[in-house]
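These notes concern the structure reproduced below.
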Amino acid sequence: MFNSIRNQKGLSLVEVLAVLVLTSVVLGFLIYLLNYSNNSLNQVSAREATLQESRDIMNHIVSSARKGLIPSPANIENVNHMMLIDPFDVGGQFVSYTLDETTNTFQVEYKLKDDNGILPITSTKHIFSDRVASIQFTALDGKIDIILKTYLPNKSIHETSTVVYTTLR
Numbered sequence: 000m001f002n003s004i005r006n007q008k009g010l011s012l013v014e015v016l017a018v019l020v021l022t023s024v025v026l027g028f029l030i031y032l033l034n035y036s037n038n039s040l041n042q043v044s045a046r047e048a049t050l051q052e053s054r055d056i057m058n059h060i061v062s063s064a065r066k067g068l069i070p071s072p073a074n075i076e077n078v079n080h081m082m083l084i085d086p087f088d089v090g091g092q093f094v095s096y097t098l099d100e101t102t103n104t105f106q107v108e109y110k111l112k113d114d115n116g117i118l119p120i121t122s123t124k125h126i127f128s129d130r131v132a133s134i135q136f137t138a139l140d141g142k143i144d145i146i147l148k149t150y151l152p153n154k155s156i157h158e159t160s161t162v163v164y165t166t167l168r
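According to numbering that gives the first Met the number 0, the sequence shown is numbered sequentially starting from 0.
Structure, rendered in structure tokens:
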């Protein structure tokens with residue numbers, strides 16, 4: 000009787016349980032790896048988005064200065080605000096950059112002539128980022144020093160700086 004049971008083909012309960020345990024361990028490990036790689040991808044994507052925002056802010060300030068706008072005399076050195084104006088068109092073109100420290104929001108308000116030289120009636124506002132820790136403008140002798148600090152997703156601070164030379168000195 001025992002020989003007839005041993006000679007039958009098939010899997011025993013122990014073998015089935017061993018296969019199930021091994022499969023569960025492998026699947027658990029694969030799910031952990033997928034979750035870890037997804038979290039890493041999200042962190043890298045958020046970091047790159049923040050770095051792109053800081054580059055966009057710097058590019059906008061540089062392009063505004065290269066359009067012939069100069070710092071307003073009241074804004075020689077300011078931590079949270081910089082206003083660029085057209086020295087030949089009082090009350091005309093302007094770009095105003097403002098940091099709200101309570102919300103870490105950096106925004107720009109501007110009124111610039113279009114390609115046909117027409118100045119719009121109302122100004123336009125745009126929020127660049129809500130992750131700006133600080134920004135410092137220093138404008139002297141036709142030169143604007145800009146130091147921008149942004150919060151990265153891991154709460155560390157990334158610093159970007161540049162120097163812009165205006166058309167008037």
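The beta-carbon is built from N, C-alpha and C at its ideal position, and this holds for glycine as well. Quantities reported herein were computed from a predicted structural model and do not represent experimental measurements.
Quick one: is Ile30 buried, meaning 16 or more other Cβ sit within 10 Å of its Cβ, or exposed? exposed
Short of 7 Å in beta carbon distance, which residues of its chain neighbour Thr165, apart from the five on each side in sequence? Order them along the chain. Closer than 7 Å at Cβ, skipping near neighbours: Ala64, Ile69, Gly141, Ile143.
Reference Val89; option with closest CA among Leu19, Leu111, Asn103, Asp99: It is Leu111.
Short check: CB of Gln42 to CB of Pro152, under 8 Å? yes
In chain order, what residues of the same chain lie with their CB nearer than 6 Å to the CB of Lys148, ignoring the 5 residues before and after it? Ala132, Ser133, Ile156, Glu158
Which residue comes first and which comes last in the beta strand (DSSP E) that contains Ser53? Careful: Ser53 lies outside any beta strand (DSSP E), inside the alpha helix (DSSP H) at 12–65.
If we count the other Cβ atoms within 10 Å of its Cβ and call it buried at 16 or more, is Tyr96 buried or exposed? Note on Tyr96: 16 or more other CB atoms within 10 angstroms of its CB, so buried under the neighbour-count rule.
Grab the span of the beta strand (DSSP E) containing Lys154 for me, first residue to last. Segment: none, Lys154 is in no beta strand (DSSP E) and carries neither H nor E.
Round the Cβ separation of Val94 and Val163 to the nearest angstrom and send it over; I've been treating them as touching at under 8 Å. Not a contact, Cβ separation roughly 12 Å.
Beta-carbon proximity check, Asp129 vs Thr102, cutoff 8 Å: Judged by their CB atoms, Asp129 and Thr102 are nearer to each other than the 8 Å cut-off.
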